[in-house]
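Worksheet: one structure, shown below.
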Amino acid sequence: MAYERFIDDRLLTSRDALNRTQIKIKLVEIDEAARDFSQRFGNRVLVRKILLTMRLTQTEEIEEKELNIEEIEQRIRKERLFSSSNRWVARGEIKNGYIVASRHLDLLSDAIALDIIAF
């Protein structure tokens with residue numbers, strides 16, 4: 268494996284404050300038709316679906332859940348009149364099909380607000 272393709276697992280894994288839960292997000296589907304006209308943020312893609320992998324560190328139990336971020340965003344806009352998620356992700360923040368940990372909260376904020384995901 269070339270050094271350029273090596274990705275440290277710590278870059279892709281986010282944790283809760285007490286390190287009880289570790290999260291990884293794999294990109295499943297993007298919106299090919301969406302165009303980002305903002306040059307300020309660089310080359311970005313619009314995320315539709317993700318695969319959320321949560322690992323409980325105490326029991327080593329792993330839970331996977333596929334989330335349609337687009338539907339969750341539409342649902343929260345209908346119920347609460349606003350959305351706090353940002354589904355645009357820079358191509359540089361996608362490593363080997365996984366989204367870097369610094370972007371996890373942006374993608375999961377609506378699902379957490381609707382109690383689809385609980386920590």
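Residue numbers (our numbering): 268 to 386. Glycine included, each C-beta is placed from N, C-alpha and C at the ideal position.
| query | result |
| --- | --- |
| Distance CB(Asp275)-CB(Trp355) smaller than 8 Å | no |
| Length-filtered (3 minimum) beta strand (DSSP E) runs lying within the region 291-370 | 311-323, 329-335, 355-357 |
| The region 309-322 touching the region 292-300, judged by at least three CB pairs closer than 8 Å | yes |
| One or two residues paired with Thr280 in a DSSP bridge | Looking at the DSSP assignment, Thr280 forms no beta bridge with any residue, so it has no partner. |
| Given 8 Å, three or more beta-carbon pairs between the region 318-331 and the region 343-352 | no |
| Anticipated Cβ contact below 8 Å, Val367 with Leu278, distance rounded | 6 Å |
| Buried versus exposed call for Asp283 [16 or more other C-beta atoms within 10 Å across all chains shown] | exposed |
| Per-residue burial, Leu323 [other beta carbons within 10 Å of its own, 16 or more giving buried] | exposed |
| C-alpha distance - Ile336 paired with Leu319, whole-angstrom precision | 11 Å |
| Exposed unless 16 or more other CB atoms sit within 10 angstroms - verdict on Ala385 | exposed |
| Cβ-based burial, Ala378 [other Cβ within 10 Å; buried from 16] | buried |
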